[in-house]
Amino acid sequence: MKKVFLLAAVAFATSANAQLIQIDATAQGLNPDDKDTPVELAEGTVLGTNDAIDVAVAFKDNYKIVDNKAGGYNQIIFDGNVAVTKNGLQGQTNPKDADGNGPALTPKQPISGAYTLVTAKADGYVYVGAKLSSNKSYVIFEEGASIGYKFALELDAASEQIGGNTLMTGELTDEAAAAPINWLVRIVTGNAEATTEGNGLGILAFPVYKDCKYLVGASGSKITQCSFYYKADDSAKIELADEKAEKASKVIYEGSADPSGIANVASTAKAENARMFNLAGQEVGKNFKGIVVVNGKKFMNK
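Next up, the structure:
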């Protein structure tokens with residue numbers, strides 16, 4: 000598998016293999032006292048960086064400053080490291096692919112709109128902290144191909160249908176990601192007709208590989224990110240909290256250190272004499288660098 004944002008924000012190094020990027024729209028010139036006035040950010044505008052990932056604006060768009068507080072929570076805590084929801088960024092243009100469609104329909108990689116570019120400088124896992132909606136399709140692209148991801152969010156208590164429930168351990172396989180991407184609530188319930196107006200704080204989680212680029216966003220709408228967290232494996236403990244402690248904190252995600260299932264092809268003996276294909280289905284040689292498919296499985300060929 001394969002998958003950037005603005006830093007004058009704060010980048011925290013919690014250890015050699017876990018780092019938090021706090022998105023701060025004020026660092027891009029947005030005024031928290033004038034939230035209705037957008038600011039144009041150019042393609043490639045840096046939103047955050049640390050030893051493992053770079054985060055940037057994927058395509059030129061107008062952005063507004065937003066407070067992603069939801070359900071009474073205004074903090075996302077990654078392994079004890081606090082990211083606040085205040086002064087997040089939200090693009091103003093729905094993303095479109097080359098055919099003018101939302102990226103969940105085909106899905107094809109977008110070429111415009113509110114999408115975020117993540118460039119990996121190390122193998123590991125990325126967790127995107129954001130205000131999410133159960134009525135949206137979130138689509139992540141790795142080097143042009145849509146990939147599966149995990150998500151977890153605590154819905155606002157105001158939701159009548161899934162009030163206060165945690166949509167947890169929802170996951171799209173790579174195979175499922177090759178088809179139109181469902182709303183989160185439909186992934187969780189398995190019901191193609193399911194609908195709710197639930198919004199809440201949560202995360203999108205996906206593996207990343209060194210030197211690969213990832214596009215992260217929503218289809219037919221805009222994503223409202225406030226933080227990015229990198230860890231060398233999927234063992235993060237993520238909880239929501241209220242700054243004033245008026246609500247008890249709540250764990251929404253606990254991963255494990257199990258490998259993601261994609262190995263380095265160079266260390267896989269059985270792949271040495273097998274045919275290799277890139278993600279477009281084209282056969283490639285042993286000198287090809289990047290994600291390859293060997294015997295129906297994905298590997299990172301370095």
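First residue of the sequence shown: 0, per the numbering used here; consecutive thereafter.
Note that beta-carbon positions come from the ideal geometry of N, C-alpha and C, so glycine has one too.
As the structure is a computational prediction, the values presented were derived from the model and not from experiment.
Let's test the definition: count the other Cβ atoms within 10 Å of the Cβ of Arg274 and tell me whether it reaches 16, buried, or not, exposed. Counting from one through the sequence shown, the residue named residue 274 turns up at place 275. The residue is exposed, with fewer than 16 neighbouring Cβ atoms inside 10 Å.
Supposed close pair Ser302, Thr195 - CB separation, criterion 8 Å: A question about residue 302 goes unanswered here, because the residues of the chain that appear run from 0 up to 301.
Whole beta strand (DSSP E) runs in the stretch 193-238 with 3 or more residues, listed along the chain? 198-207, 212-218 and 223-230
Under 8 Å between C-beta atoms of Ala24 and Ile64: Within the sequence shown, numbered from 1, the residue matching residue 24 stands at position 25. Within the sequence shown, numbered from 1, the residue matching residue 64 stands at position 65. A contact, by the Cβ cut-off of 8 Å.
How about Val117 and Val56: do their beta carbons lie closer than 8 Å? Position 118 of the sequence shown, counted from the start, is the residue given in the question as residue 117. Position 57 of the sequence shown, counted from the start, is the residue given in the question as residue 56. No; because the gap between Cβ atoms is not below 8 Å, this pair is not in contact.
Give the DSSP-derived three-state secondary structure of Ala27 in the structure shown. Mapped onto the sequence shown, residue 27 falls at position 28. The amino acid occupying residue 27 in the given sequence is Gln; Ala does not appear at that position. Helix.
Under 8 Å, do Gly123 and Ala51 count as touching if we go by C-beta distance? Reading the sequence shown from its first residue, position 124 is the one you call residue 123. Reading the sequence shown from its first residue, position 52 is the one you call residue 51. Yes. Within cutoff.
With respect to the beta strand (DSSP E) encompassing Leu171, which residues constitute its N-terminal and C-terminal limits? As a working note, residue 171 is residue 172 in the sequence shown. Unbroken run through Leu171: none, as it is neither H nor E.
Please state if the CB of Ala97 and the CB of Pro179 are separated by a distance shorter than 8 Å. The sequence position of residue 179 within the sequence shown is 180, counting from 1. The sequence position of residue 97 within the sequence shown is 98, counting from 1. Cβ distance not < 8 Å, so Pro179 and Ala97 don't count as in contact.
Gly189 versus Ala240, Thr84 and Leu171, residue with shortest Cα-Cα distance: Residue mapping note: residue 189 aligns to position 190 of the sequence shown, counting from 1. For the residues Ala240, Thr84 and Leu171, the minimum Cα distance to Gly189 belongs to Leu171.
What distance in whole Å lies between the Cβ atoms of Leu183 and Phe150, which are believed to be in contact at a cut-off of 8 Å? As a working note, residue 150 is residue 151 in the sequence shown. As a working note, residue 183 is residue 184 in the sequence shown. Right, their Cβ atoms sit about 6 Å apart.
Going by DSSP, what residues sit across from Phe58 in a beta bridge? Start at 1 with the first residue of the sequence shown, and residue 58 comes out as number 59. Paired residue(s): none; Phe58 is not in a bridge.
Taking the C-alpha atoms as reference points, what is the distance between Tyr62 and Gln89? On the sequence shown, residue 62 is found 63 positions in, with the first residue counted as 1. On the sequence shown, residue 89 is found 90 positions in, with the first residue counted as 1. Going from the Cα of Tyr62 to the Cα of Gln89 covers about 5 Å.
Give me, in chain order, the residues of the same chain whose beta-carbon lies closer than 6 Å to that of Asp210; leave out the 5 immediate sequence neighbours on both sides. In the sequence shown, counting from the first residue as 1, residue 210 sits at position 211. Excluding sequence neighbours, Asp210 sits near nothing in its chain.
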